[in-house]
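Chains as they are written, first to last, in this note's numbering: chain P, 12 to 192; chain A, 11 to 1051; chain Y, -5 to 225; chain E, -17 to 283.
From the three backbone atoms N, C-alpha and C, an ideal C-beta is built for every residue, glycine too.
Treat the numbers as computed from the prediction; the structure is a model and nothing was measured.
Below is one structure, written out as structure tokens; the observations come after it.
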Amino acid sequence: MLRELYEQLKGRFPLGELSEKRPDLAFITLPREQLRPVLLHLRDQEGFTHLVLLTAVDWIEDDRFQLTYLLHDRQGARDIGLRVMLSRQAVIEGAPMESIHDLWPTAATYQRELREMFGIDFPDSPGVNEDFILEGWREIPPYRRDFDTLKYSNETFAPRPGRESQDPAQHMKAQLYPDGA
Amino acid sequence: MVSALYILAVGLGAAFLLGLLRDEWRAGAYGVSLAALACMSLISAGWVWVLASGDGSAVDITTAGTLPPYAINLRMGLAEAVLTLSINLTGLLSAVYLRDTMFNQGRRALAVLLIFTMAACGIVLTRDLFNLFVFFELVAIATGGLVLLSRDKRALAAGFKYLVASQVITILLLVGIIFAYHATGTLNIDGMAEVSSLVLKGGGLAFFLMFIAIVLDLKPFPANGWALDVYESAHPAFSAMLSAASGSAALFAADKLLLIGGSTWLPLATGIGIVGFVGANLFALAQRNDRRLLGYSSVAQIGLILAVIGQRDLLGDRYLFIAGGILLAHAVAKAGLYWLSGLIEGRTLTAWSALQGHPILIFAFASFIALLVGLPPFPGFYAKWELVIALAGEGRIALIGLILFGALLEAGYLFRWFGRALKRERAPEPVAVSSFKRAVILTAVAAGWGLGLIWGALSLNGNLLLAVPLLFAFGFLVLEPLSVQIKNSLAIAGLVAWFVLSLPSYDPLQLIFAAVMLIGGALILLASYQTQGRRIGFYPSAMLMYAGLAMLIVAEDAFGFFAAWESLTIGSYFLILRGQRSEPHALSYMVFSLAGAFLILAGFALAADGDPLFTLAGLKQVAAPLAPWVFLLLAIGFMTKTAAVGLHIWLPGAHAEAETDVSPMVSGILLKAGLFGLFVLFMAMGSQQLYGVELTHILLWIGALSALIGNLMAAFQEDAKRLLAYSSIGQMGYALFGLAMMNHLGWLMALMFVINHYIYKSMLFLSVGGVAKRTGTRDMYRMGGLITLMPLSFIAVLIGIIAMSGVPPLSGFGGRWIFYNAILTTDSRLPMILIFISGPIAFLYLFRLIHTIFLGQLKDEHRRIKEAPFWLVLPQMIFVACLMAFALVPGLALRRVDAYISQFHPEGALGWEGLTITSAFGYWSPISIMIVVGVIFASLFAWLVFVNRKAQKVKQFNIVFAGERPFRPETTHFAWNFFAPYRKALGFLTEPLVERFWAAIVDLLHASADLLRRLYTGNGQTYAIQLLAFVVVVYLLRTGL
Amino acid sequence: MTQTNEDLLDDDLIEHAPVKEELRRRLVKGPDGVEFEVEPLRDYYCEAPPTVMPAAYSKIIEGLFNWARAESLWILGFGTGCGAIEMRPLMTPRFDAYRYGIQWRPTPRQSNLFVISGYLSVKTLKRVIRSYEQMPNPKYVVGLGSCTINGGMYFDSYNTITRLDEYLPVDVYITGCMPRPEALLAGFEELKRIVRAGKGEGANQYAERFDWYKANQKRVIHDWDMPDYNW
Amino acid sequence: MSFEWIKIPYALLTLFIVANYGFLLTAVMAKIAARVGRRHGIPVWQNYLDLIKNYGLRSSITHGVMFYMGPVFRLTGGVGLLMFVPTLYGTEMFSNMSFAGDLILALYFVFFGSLGMALGAGESGHPYSAIGVTRGLSQVTAAELPFALAVYAVAVQYQTLSVTEIVAAQQGGILQWTLFTNPIAVAAAMLSFLGTMMRPPFDVVLAPQEIPIGPPTEYHSSYLALMQTNRAIFPIAKIVIYMNLFFGGAASWPAFFLKVFLIYLVSVIVGVVFPRFRVEQSIRWFLIWAVPLGVIAIMIA
């Protein structure tokens, strides 16, 4: 079902690969400059009227940020995710990303979050520079994988001595089967 | 005595002499003309003096040495003398005014002016028909010449149209004279009158032609487009002459002619006149050009006088007094206004705003308008009073209605004009500086006031200008150059002195009203000390209002009452107009008040049955079929002042936009005049029934509705002063309700409201005014948190709202207690429910008032505000003291009134034994309540302060805010749309239905005026056809009748 | 005890958290046309520091008061984390905390018990501190769940505090993730014992060590945008 | 009727009895409401504990003079109302300060406390206080109306405004009560009673979920203690009026306790069954259901 759509889209737009997760859920990787036309097409022609979420993944190993735009088609009961890869280095150096708040106003909130948590800038998005969840944050954005939260927590939050952390599976095994059966 | 013939001779001679002079000798020519005009005026003045003092009698002057009918004869009687004097003076003053123009135009123009004046005098003097025709021709030709004096290019066209029209007129006149001569064989008017049956034979075509010619010369509505063009485009000085001099002359001619026609032709004159009066005034509503507006007004006034001439038969020996009063007032005012318009560059009504900053010219403007409208103390007022009374005596109700309606229209556009001139942004062009012209205008003002004095003396009802309160008020006109402090002290002293002097003569009811109005007025005037400079115009207006109030209370006859009513209306109008944005509100106040006043006039006239000296006590004797109508007219008239619902739309704006110390005057005091009127009315007439409906029952409903709507509207206001204003409507509704209950306690409650409302509303207006002064806004949501900065104002408002809400222990509760006791004996229970509803609604707006101003969050820009000025706070504190005193011992004020009311309603008096006041149903002990509440309050307060002695004083943002902190005071102060849920539930009741109703009426009038005035195309041929059509229509109507 | 240098703290503030626009000094023009300066932090907020409030003069009265305080625990209705869900059953017929004199109040002014229900993010901590400071003395804090004790499962979060008593004086901790309503009731009973014994002096402790607490708070809350004590 | 000094200790005694009864009664009512929800509810002495606790709070703040005045106004309103109405019929001892005024005094004095309270709440500067007040005032305009009409009907019925005389007229058997002689007026008044007791469905003024408890948001410690005291006294003072007007008054303390309890119970029972109205809904409700009853009552009176 979604493959058909993919083929159809591919006829119009240069797209990347398709990754089907379920019959009604698939992800398409596509070049950044194709994002807006494809979104528009999906929204206006294919019935994907709902922006479910906009999120990012930090592929630190590949030096990439992956932006995922997840759309939902209510009539067809199907979801499609668009993946856009950004150069991580460029983003850190301040390269901007195009905002889609004019297509879905809710996108502004997601973009504000991404700006705060990953440092991906959407300069046109309204209120993107305001504090979203963090207030007075001074470090690098906390969702970047090069940010060490444990270290940060230990330095900042005065951990109570004597706390032990265990792997839950191991711990429960030891608790339930003390004799090691 | 110099023969009247010399008036004509001098004019003619001087005109000839001018022809002999050299062109260059302009000063000389001008001097000769002035001398001639002065000489003519002196001769007339001499005759006036002789005839008025009673030393001589009317004189017939025969020319050619033979008696009429063999020669032309002239007559100089009192009327002729006065009219020629007025004509000659107009000529003389216009000549002075025209000095520069005349110097340019030279001797020929002067000669034409002289001829014009002479001919107009001739029309007045001659008793010969053909001679009359000749003078008319002379006037017409001179007019045509004079019109050309204007620099206006349209003047040429206008002059031509005028000549066309006057040719038609003269032909009609000439044919008529020929027929008449043929029928009677004489040209002498008196001779013809003796044989009038001959003229009137055969449908009276001969007389009709003569009559219609004269009427046409009066520029009757609607066949007068040509004349309006002349008024609009001619030089203003000439328009003055045309309106004042030639209009007067032609009217007198019509009067003379009607001697021939006899009483059968009088209704026609009345008809044409009244149609002209109403129609021209209606058309004038849509005018934007000042001179054209004055032209319409002239047409209207002349129409009115023609109507009066038509009523000559029933006016008897007061005919000259009435017609003359209106005519002279019109002449002086119109000439003055035209002269005044010459000083002003622009031709729109708003261009008169150039007058701002010239108090003397504004005074002149105001005087002329008052003269025109017929307000006291000018002749038109006396004349209108006697006219309406006489008409009512004969049962000519429709005519009264039309006259009053027309007068209201006229007042409407004149005061609208005045308001614009005073309040609109000042026009850029300055007022022309010419001492000559100003002197002429001031002469006219003096003449107007002089006429007022004379007519007062001639009036049957006593001279208003000699009444001490009015004299005192007008005295402030002279004192204007003094500083505010001196004038204010004088005003206060005057009010107090008048109260003290009149004290012995007041009965308890009058005493209460006098105390509220005079002593109360003096108290409010304390607040006026805070203004600086000279405050020009304030004191004459304020004192005029107080004078009216003072006279109203003690008035015993209807005339005195009505005169006082109009005086206080005018005074308060000028007071209200002083506010910054009050122009439209002052106008609607004036229109409503005048409409009310006219209803009162009509009511009195109906009741008086032709007796101009009718006393108020006489209202008791009015008999059945008439009595309810009189009652209705008077009640509606008085209710315009108390702003009962339906008639209330003027109040909120007027009270809110007035100056700080004026608002309490017009709210706390002025509204009580209406209540006083209702008291007088109810005491005299009791309850009346119309078509089986108890009228007081309707008033009950109106009172209850006013209480409800007033309170409800108040709750939704954002403007503090508007809130108070609407609350006044509600409070007056309570009072009206009390009065209309027609029982002892109801009346007592109304009185209680008189006192209470005066105290707390004055106090609230002063404190809110002080706050508005300090904060620079009246919007409550822009204020907030002022309690620590303006503590005294806060205390005043606090006490005020507790008192007004009716919560014990303050005095408002007394009113409610009496109210409850009063309604227990009445059967009208349904309207009472409305009162019950409106009671708690008062809490809404009262809380809003104090909360949004003084409590809540203080704004950035108000952090350095100081307490209101001392002179604003002082009266407030006095009011607080009064309120407490009145709360403790209401008996001081009410006990005697209680006894007094027993005359009218013996049942239900209160008992005043000891500290407790008892009624038939319950009891009430103000002092005990105060003590009990006070003791509880004080001990609890002491306890709380003791246990909380270590409390930390925090600042305005130290509030719990759901873990957040407030952002800015503006976003934290809850004030805008304060009662949103209430609006959701009951907002439909606040639809401005009444406003829409009145707006629709005004729109209708304007639209019809706008549509109909297209009749005047500006085309000379059309005008000629209209003229002929008018003649034919009148003829058909006449023969058809 | 307090290692934090007052001056250093202020410098930190200035460097990292520019004063919010609405709190900046501003020039305003009064209605009379005179311009003057408004300093919001000074003009709109009370700057007085908290003081230690002594007990009642007489021991008997203080005893009476303590008994009343213990039997009349008014909880501020502020659920800071997921633990708030465990508070709701307390109002139901099954647990009915009202019979122990416990009730919920919607305003800190009328509450004397603050239940920190579960994890506490830095952002919430700011609001918690403000609300706590607005409660009248004496006031009690109950830490609910492991998160308030040592961070619990959020021990390594960049945004969740690991130890409540660094920032507020805590009277009772209730362990568990989540503690059941019964545990809460047991915790409240424990708190009552403490209060009745006159040991519920957290508020005074807070006032005494105010500088220390404030320094700790400001170490994690970088944009403290109020006067130090929120009355 | 006039003042004697002995009235002061008598009045204080009345006040003492009523205040204590009020504390217990409100607790019992809370318990009853809890029992409807199958809870145990608060102990009956809980009100005393809360009161002592509030006096025992050590710190307090003040927003200004009116902030002090608010609770004082409030409690003065409650105590004053109690004082102005005779508590027990036929005893000089418990007729209080009723010599100062009649029924009308009581009727208007009802507002004294709430208005004063509104002012105090206003000075705290808290927007929720003002919102609460606007809701309360808006609701009161419609809710008090049927009562006012009923009072009028009763006053006309007995041709007096004196509470004592109205009670006297109802003596001699239960059928003499206004409840039976003028049932429509009583019905109107009782609907109004529901609206003024600050219980569901008419408690949006306090609305704990939307605006933290409305006007008293900023009040705490001894301020709150004063208001709690009023909360015990004021409803009883109001119920005394209802009892005297419609239910034959009370000649002895046991009868007083019983009648007050039962009348109070009406609002509680209604309260536990119905959810909350918004302000404009309750205004409409009163105008549609209660006011017409009142109108009928005065038309047939």
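Measure from the alpha carbon of residue i to the alpha carbon of each residue in the options, then state which is nearest.
i: Val116/E; options: Arg260/E, Trp271/E and Met281/E; result: At residue 116/E the sequence reads Thr, which differs from the Val that was named. Checking every option, the nearest Cα to that of Thr116/E belongs to Arg260/E.
i: Thr74/Y; options: Val189/Y, Glu41/Y and Val135/Y; result: Val135/Y
i: Val494/A; options: Lys447/A, Pro550/A, Ala782/A and Phe425/A; result: Pro550/A
i: Ala627/A; options: Phe571/A, Val655/A and Phe896/A; result: Phe571/A
i: Thr982/A; options: Ser111/E, Met51/E, Leu188/E and Ala132/E; result: Ser111/E
i: Ala333/A; options: Ser351/A, Phe375/A, Leu521/A and Glu396/A; result: Glu396/A
i: Ile14/E; options: Ala279/E, Val248/E, Met79/E and Phe229/E; result: Val248/E
i: Trp59/A; options: Asp33/A, Leu95/A, Asp323/A and Ala25/A; result: Leu95/A
i: Leu114/Y; options: Thr101/Y, Gly137/Y and Trp225/Y; result: Gly137/Y
i: Thr73/A; options: Asp138/A, Gly795/A and Ala130/A; result: Asp138/A
i: Ala137/E; options: Thr836/A, Asp110/A and Trp1008/A; result: Thr836/A
Check the Cβ of residue i against every Cβ in chain D and list those closer than 9 Å, keeping chain order.
i: Asp32/E; result: In the structure shown, chain D does not exist; the protein chains are P, A, Y and E.
Cβ closer than 9 Å: which chain A residues qualify as neighbours of residue i?
i: Val136/Y; result: Ordered by position in chain A, no residue passes the 9 Å Cβ test against Val136/Y, which lies about 18 Å from the chain.
i: Glu126/E; result: Phe846, Gly849 and Pro850
List the residues of chain Y that residue i touches, going by C-beta distances under 8 Å, in chain order.
i: Glu146/P; result: Val116, Lys117, Lys120, Ile215, His216 and Asp217
i: Leu125/P; result: The premise fails here: Leu125/P is roughly 16 Å from chain Y at the closest Cβ pair, so nothing lies under 8 Å.
Kindly list, in the order they appear in chain P, the residues whose Cβ is closer than 9 Å to that of residue i.
i: Gly145/Y; result: Ser164, Phe168, Pro170, Arg171 and Arg174
Can you pull the chain E neighbours of residue i, defined as C-beta to C-beta under 7 Å?
i: Phe989/A; result: Thr116 and Ser120
Which chain E residues sit within Cβ distance under 8 Å of residue i?
i: Pro638/A; result: Those within 8 Å of Pro638/A in chain E number zero; the least Cβ separation is about 27 Å.
Determine the chain A residues that contact residue i at a beta-carbon separation under 7 Å, and present them in chain order.
i: Glu16/Y; result: Phe977 and Arg978
Inter-stretch contact at 8 Å, needing at least 3 Cβ pairs: the segment 160 to 178 of chain A / the segment 225 to 241 of chain A: Because the criterion of three Cβ pairs below 8 Å is met, the segment 160 to 178 of chain A and the segment 225 to 241 of chain A touch.
In chain order, each beta strand (DSSP E) run of at least 3 residues that lies wholly inside the segment 159 to 213 of chain Y: 166 to 168
Inside the segment 228 to 299 of chain A only - alpha helix (DSSP H) runs reaching at least 4 residues: 235 to 243, 246 to 251, 257 to 271 and 276 to 294
Interfacial residues, the segment 896 to 927 of chain A to chain E, with Cβ spacing under 7 Å: Those residues of the segment 896 to 927 of chain A that come within reach of chain E (Cβ to Cβ, closer than 7 Å) do not exist; the list is empty.
Near-chain P residues of the segment 147 to 171 of chain Y - C-beta to any C-beta below 8 Å: So the list reads Phe149, Asp150, Ser151, Tyr152, Asn153, Thr154, Ile155, Thr156, Arg157 and Glu160, given in the order they occur along the chain.
Interface positions of the segment 108 to 122 of chain E facing chain A (Cβ-Cβ less than 7 Å), listed along the chain: His108, Pro109, Ala112, Ile113, Val115, Thr116, Arg117, Leu119, Ser120 and Val122
Members of the segment 972 to 985 of chain A that neighbour chain Y once the beta carbon cut-off is set at 9 Å: Ala972, Gly973, Glu974, Arg975, Pro976, Phe977, Arg978 and Pro979
Short-range partners of chain Y found in the segment 775 to 791 of chain A, where Cβ spacing is below 8 Å: Arg784, Thr785, Gly786 and Thr787
Against chain A: residues of the segment 257 to 280 of chain E by CB proximity under 9 Å: Arg260, Val261, Glu262, Gln263, Ser264, Ile265, Arg266, Leu269, Val273, Gly276, Val277 and Ile280
Proximal residues, the segment 181 to 194 of chain Y versus chain A, C-beta separation under 9 Å: none
Under 9 Å (Cβ pairs) to chain E, residues found in the segment 855 to 875 of chain A: Leu856, Phe857, Arg858, Ile860, His861, Thr862, Phe864, Leu865, Gly866, Gln867 and Leu868
Residues within the segment 45 to 56 of chain Y neighbouring chain E, beta-carbon criterion of under 7 Å: Met47
Proximal residues, the segment 939 to 962 of chain A versus chain E, C-beta separation under 7 Å: Ile939, Val942, Val943, Ile946, Phe947, Leu950, Phe951, Leu954, Val955, Val957, Asn958, Ala961 and Gln962
Near-chain E residues of the segment 70 to 103 of chain Y - C-beta to any C-beta below 7 Å: Pro87, Asp90, Tyr92, Arg93, Gly95, Pro100, Thr101 and Arg103
Whole runs of the alpha helix (DSSP H) within the segment 136 to 191 of chain P, excluding any shorter than 4 residues: 160 to 167 and 179 to 187
Any 3 or more C-beta pairs closer than 8 Å across the segment 387 to 394 of chain A and the segment 290 to 297 of chain A: no
3 or more residues per run - each beta strand (DSSP E) lying fully within the segment 363 to 409 of chain A: none
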